[in-house]
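Novice:
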Amino acid sequence: MKHAKHIFTLLLIHLIVASCFPPSFDFHKRLNKDQLKKYFSVHNYDEVPEYKLVKIRMRKSGPVPHEYERSHRASPEQGQDLYITTESVFGHTVQMQLRKNDRLLAPSFKAIRIEGEELPEQEMDTSYFPVCHYIGSNGSLAAALSNCDSSSPKGLSGLLMLPDGSVQIQPVDQDLAEIL
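For the sequence shown, the positions run -20 to -1, 1 to 160 when mature numbering (1 follows the signal peptide of the UniProt record, and there is no 0) is used.
1. Taking DSSP as the reference, what is the three-state secondary structure of residue 157?
2. List the residues that DSSP assigns as beta-bridge partners of residue 174.
3. Looking at the unbroken alpha helix (DSSP H) that takes in residue 14, where does it start and where does it end?
4. Let's test the definition: count the other Cβ atoms within 10 Å of the Cβ of residue 140 and tell me whether it reaches 16, buried, or not, exposed.
5. Could you pull the start and end residues of the beta strand (DSSP E) that residue 63 belongs to?
6. Which same chain residues, not among the five before or five after residue 91, have their C-beta less than 6 Å away from its C-beta?
7. Measuring from the CB of residue 100, is there a heavy atom of the ligand PLP at a distance below 6 Å?
8. Where does residue 87 land, buried or exposed, given buried means 16+ other C-beta within 10 angstroms?
9. Using DSSP's beta-bridge definition, name the partner residues of residue 94.
10. Residues bridged to residue 103 by DSSP?
11. So what does DSSP say about residue 37, is it helix, strand or coil?
12. I'd like to know whether the C-beta atoms of residue 78 and residue 19 end up nearer to each other than 7 Å.
13. Run the CB neighbour count on residue 143, radius 10 Å, all protein chains shown included, and call it buried at 16 or more, exposed below.
14. Do you know whose CA, among 122, 36, 98 and 118, lies nearest residue 157's CA?
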């Protein structure tokens, strides 16, 4: 879609802690064995835990004011924070401003490349590491999400903490999103 303000992404939300929510339609029965393992960490259809498919709307927003300065790793094009909204997620409507967590790695963080015993260790340039982790809270809801996965550039992965449990968020692959 060409909407500049909204990026629509279908996400698979796999319930980690829940027992009283109705299951989704039989989406999992359309998955092959590899997809069952990827999305649910199971091998058989009858082992799939309760889950719900939820559409999450995201839009880029200005930075959320906070007391810390941005790390040197955050380039201007990475400076966008996110605002997310959802339909009901197991009884909770989510509307939350997420800010980039550019302090996930310490400023003194160093990455070392080791390529065998004969070659010397090389310190890698860490200035290119993307800042793709987001955190936020809104009342009794909190989120720690990431869009670092290059195989799913429009999806978010991570955890959404609700008052009555945690929900794992995982994007649905494009070929599966088309059948929804």
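Glycine included, each C-beta is placed from N, C-alpha and C at the ideal position.
Specialist: Taking the geometry as given:
1. Locating residue 157 in the sequence shown gives position 177, counting from the first residue. In this structure, residue 157 counts as helix in the three-state DSSP scheme.
2. Because the chain spans -20 through 160 in this model, residue 174 falls outside it and cannot be assessed.
3. Translated into positions along the sequence shown, residue 14 becomes position 34. Note, residue 14: alpha helix (DSSP H), 13 to 20.
4. Position 160 of the sequence shown holds residue 140. Buried, since its Cβ has 16 or more Cβ neighbours within 10 Å.
5. If you number the sequence shown from 1, residue 63 lands on position 83. Note, residue 63: beta strand (DSSP E), 61 to 69.
6. Indexing the sequence shown from 1 puts residue 91 at position 111. So the qualifying residues of the chain are 104 and 106.
7. Ligands in the displayed structure: none, and consequently the ligand PLP is not present.
8. Reading the sequence shown from its first residue, position 107 is the one you call residue 87. Classification for residue 87: exposed.
9. Taking the first residue of the sequence shown as position 1, residue 94 is located at position 114. Beta-bridge partners assigned by DSSP to residue 94: none are found.
10. Translated into positions along the sequence shown, residue 103 becomes position 123. Residue 103 is bridged by DSSP to 92.
11. Locating residue 37 in the sequence shown gives position 57, where the first residue counts as 1. In the structure shown, residue 37 sits in a strand (DSSP, three-state: E or B).
12. Working through the sequence shown from its first residue, we reach residue 78 at position 98. Working through the sequence shown from its first residue, we reach residue 19 at position 39. No, they are not a contact pair.
13. Along the sequence shown, read from residue 1 onward, the residue named residue 143 stands at position 163. Burial call: exposed.
14. Walking along the sequence shown from the start, residue 157 turns up at place 177. For residue 157, the nearest C-alpha among the options comes from 36.
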